[in-house]
Amino acid sequence: MSLNNILLDNLLNMVDAIIAVSLLLLALASMLKQGYKKEINRLFAAFSCFMSIWLMAFDFGDNIWFTQQVASIITGISCASGFITLIFLMLFILKLVSYKKLDVLAWRSLWLLWPITAVSATPLVAGVAVISDDGKYYNFTYGPLEWLYAAGILFTVGVIAYGVIYGLSHAKGMQKHQLKATGIGLLISIPPTVLFALLLPLLTDNIWWTNFGTAPILILVISLYFGVVRYHLFDIRAAAVRTLAYVLSLAALVAIYYVLAIVISSLFSGVTVAGQSPLDVILTIGLLFIFQPIKKFFDRLTNSIFYHDFYKSDEFFARLNNLFTSTTDLRNLLERTAGEIATTLKSEQAFFFVHTGKDHYVTAGTARHQQLPPEDALFIQSIYGKKPEVIVASMLDEDNPIRRLMISHRIEIILTLVQADVIGYLCLGDHRTSHYTNRDAKVLLTAADGLVVAVKNALSIQEIKNINVATTQQHIDAATKELRISNALLQHIDSEKDEFVSVASHELRTPMTVIRGYISLLEREQLGPLDDGQKAMLGKMGANTKILIDLVNNMLDLSKIESGSIDITLTDNLLDDLIDQAFKDTIDLYNTKGVKLTYKGPKVMVSTDTTKFERIMFNLLNNAYKFTDAGGKVSVTSVVDDAKQLVTICVADTGIGVAEEAKAGLFRKFSQVDNYLERQSGGSGLGLAICKGLVEKLDGKIWLESTIGVGSKFIFTMPMSDNKQTK
Ligand code: ADP
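Written out as structure tokens, the structure reads:
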């Protein structure tokens, strides 16, 4: 045997080992998940096991370290297992084709075929192993009954071929796809196998041909995997895809190894690579490094072939939710949802059957969808009416009436839409390219809740639309209800925002105060002398920091007022004292600007919180001063209303005034009238909102009277104290 022959022999043996392992894995997987209960799976597993036995016996039986007797027994095993493999393949294919007559014939022919397999294990067919001329391996010769064996094999192959051809012309849908995948594999692999393993050795009396008899089966294995994964020959898709990627990677590695080995050994003649030479070790290590990239490549390849109909469930749900909220028109909702589901799940058709009232229903779905007659819907309801459920036609027993009903309407899946009662069904037609998966069913079931809510919503709105006069009130009710809901939602958002503002302001106040402290340290030149430019800059920094701190304080106060967490301590106070205190805080400002500030009012006791009252007065006086030009006048007056037990306090200025249209919004947060004074003074628009909040907390009211260009009056009331005695 030449070196290249040894290499070739090794390569072929490797291929056979890969075939055997992948077949056994596939057989094992087909037994899982209760697969062993199905006859077709059992036939396939038997086929795979005998195929593996045959391959091993075929490849290793000629090893010279067996005694002649053992080698002969192995030959017998090889002949018999080869034949049994074909028999199981025949039964498997006929199950797949479901051609009853041929199936019966095949099972009957077993009476003849089994005896032939028994005989084929003996020297009568398998012959006796003889050591080859060069003494390196065993040669096999067929025995005297070889023709019987050949006839049996040709018969079996004939039945398989006929079964495949019949199936391809008669089968439909998924079955046809499965058959195509398996049939093409068979057509490519069986003829060369029969030719090399049986006919050529018989005709030429040269056993060397058998070396090539097994490799073509790799194609059959790949096509079987294809059938499994793409067309659900068995329900083991994921496992099969991964195994296939693995097997392909191994096969690629083996191929690379041998190509390199042949190249190297022909370049450096005399170096045998496929042995124990150092080159072999280097080659092997090199291959180890490229295994991962190769595996990745085949992973991607197999994914793109088998999972191209894959979809992301979260994105699907998001699209559905968008649909649910985009329309309340029932028909529109049903049609668009059916379209989305049919596109994503690759359904030939999708439609809804929805009860709209007693004996009333709506059907809507993809173009030219089928119908579900009401009596059929009632029938389904009598069986599946309790909880949301996915009914798959092909999973039901053959004699199940629901299955027959579904098939007659070309429905493969029904999703029941249930909320207390059945409100309807979503019906899906056959899968366009392959088969629905368990995942599809789970996704549908998850979507069911949202579907029910959306359909119910659309139904109730339709009801409102349908009934005329009587429904006007309902209409209003529904609208009011919706408004109330959105109002509650807004309030919730508002309170969340307030909380945020309050937390953020707290966090801001501390660093701002620290900054202001350092600025004043610098300004007082306690950290070293400053030039005029630096002083001016610090002055601006100080002023702006103050604005920021005021803003933060205002925001904090307002959020406290709004959340109701502000503490109010009511005490009896002489109004004069309170006003005096407020004047003290602002009088310097007034004097500097040249605005006159006066107070006039009776001596009266008010029941109030002193700091809060001062805050109100401070804000009002501050505004009056801001919006009054030099030379103007701000007069504070108070009037007692004994009947109402109220004191009315008015802060009147001779400033710019407020335009009529701006008045209403002035007490709202962040409202400012855009004017040049405002821009100069840099307020925040919170002062009046705080005033309003505080006045109301103190059981008073606040309002504004103003004429543009003449002046403004900010007026508020405070309750008088029960103790009317002035101190
Ligand atoms: P700001 O901090 O901006 O002064 P306020 O809530 O105290 O915020 O005032 C809101 C707006 O009301 C001011 O921007 C101003 O346009 C207007 N305003 C308040 N008081 C007076 C006033 N006495 N005269 C004219 N406009 C006023």
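Here the sequence shown is numbered in our numbering, starting from 2 and rising by one per residue.
Heads up, the beta-carbon is just placed ideally off N, CA and C, and yes, glycines get one too.
| Check | Outcome |
| --- | --- |
| Shorter than 7 Å, the distance from the beta carbon of residue 1 to the closest heavy atom of the ligand ADP, or not? | Residue 1 lies beyond the stretch modelled for the chain, which goes from 2 to 728, so this question has no answer here. |
| Determine the contact status of residue 220 and residue 190, defining contact as a CB-CB distance below 8 Å. | yes |
| Could you check how far apart the C-beta atoms of residue 365 and residue 339 are, in whole angstroms? I think they sit under 8 Å. | 7 Å |
| Let me check you understand the geometry: is the CB of residue 554 closer than 7 Å to at least one non-hydrogen atom of the ligand ADP? | no |
| May I ask which residues mark the beginning and end of the beta strand (DSSP E) holding residue 130? | 130-132 |
| Taking 7 Å as the cut-off, is the CB of residue 545 close to at least one heavy atom of the ligand ADP? | no |
| Would you grab the beta carbon distance between residue 348 and residue 429 for me? Rounded to a whole angstrom, and I think it's under 8 Å. | 4 Å |
| Who pairs with residue 138 in a beta bridge, going by DSSP? | 64 |
| Closer than 7 Å to a non-hydrogen atom of the ligand ADP - does that hold for the CB of residue 686? | yes |
| Can you tell me whether residue 351 is buried or exposed? The criterion is at least 16 other CB atoms within 10 Å of its CB, across all chains shown. | buried |
| In chain order, what residues of the same chain lie with their CB nearer than 7 Å to the CB of residue 24, ignoring the 5 residues before and after it? | 49, 52, 53, 222 |
| Which of the three DSSP states, helix, strand or coil, is assigned to residue 626? | helix |
| Counting Cβ pairs, one atom from each stretch, are 3 or more of them under 8 Å apart for the region 406-419 and the region 388-397? | yes |
| Quick one: residues in its chain with C-beta nearer than 8 Å to the C-beta of residue 543, no 5 flanking neighbours on either side, listed in chain order? | 517, 520, 521, 524 |
| Just checking my contact of residue 656 with residue 712 at CB under 8 Å: how many whole Å lie between their CB atoms? | 6 Å |
| Going by beta-carbon coordinates alone, are residue 709 and residue 659 separated by less than 8 Å? | yes |
| When DSSP builds the beta bridges, which residues end up paired with residue 707? | 713 |
| Within a Cβ cutoff of 7 Å, which residues of the same chain sit near residue 375, ignoring the five residues on either side of it in sequence? | 362 |
| Kindly give me the distance between the Cβ atoms of residue 78 and residue 47, rounded to whole angstroms, as I take these residues to be in contact under 8 Å. | Not confirmed; about 16 Å, so no contact. |
| Would you please state the rounded distance, in angstroms, between the beta carbons of residue 613 and residue 695? I believe it to be under 8 Å. | 5 Å |
| Please check the pair residue 720 and residue 608, which I expect to be a contact at CB under 8 Å, by giving their CB distance rounded to whole angstroms. | 5 Å |
| Buried or exposed for residue 65, please, with buried defined as at least 16 other CB atoms from any protein chain shown within 10 angstroms of its CB. | exposed |
| Taking all protein chains shown into account, do 16 or more other C-beta atoms lie within 10 angstroms of the C-beta of residue 178, making it buried, or fewer, making it exposed? | buried |
| Quick test of the definition: if touching needs 3 or more C-beta pairs under 8 Å, does the region 126-145 touch the region 164-172? | no |
| Going by the DSSP bridge assignment, what does residue 648 pair with across the sheet? | 641, 719 |
| From the DSSP output, which residues share a beta bridge with residue 535? | Note: residue 535 sits in no beta bridge, so no partner. |
| Kindly indicate the opening and closing residues of the alpha helix (DSSP H) around residue 658. | Taken as a continuous stretch (DSSP letters only), residue 658 belongs to no alpha helix (DSSP H), as it is neither H nor E. |
| Output the distance between the C-alpha atoms of residue 680 and residue 583, rounded to the nearest integer angstrom. | Unreliable positioning characterises residue 680 in this predicted model, as indicated by a pLDDT of 47, which lies under 50. The coordinate reading is nonetheless provided below. Distance between the alpha carbons of residue 680 and residue 583 is about 25 Å. |
| Let me know if residue 596 comes out buried or exposed under the rule of 16 or more other beta-carbons within 10 Å of its beta-carbon. | buried |
| Is any heavy atom of the ligand ADP found at a distance shorter than 7 Å from the C-beta of residue 657? | yes |
| Take the Cβ of residue 760 as the centre, count every other Cβ of all protein chains shown within 10 Å, and call the residue buried at 16 or more, exposed below. | Past the edges of the chain, shown from 2 to 728, lies residue 760, and the structure says nothing about it. |
| Can you find the residues in the same chain that come closer than 6 Å, C-beta to C-beta, to residue 75, ignoring five residues on each side of it along the sequence? | 58, 62 |
| Could you tell me which of 400, 359, 554, 442 sits nearest to residue 423, measuring between CA atoms? | 359 |
| For the alpha helix (DSSP H) containing residue 315, list its first residue and its last residue. | 314-327 |
| Across which residues does DSSP place residue 447 in a beta bridge pair? | Answer is none; residue 447 lacks a bridge partner. |
| From residue 336 to residue 402, what distance separates their C-alpha atoms? | 28 Å |
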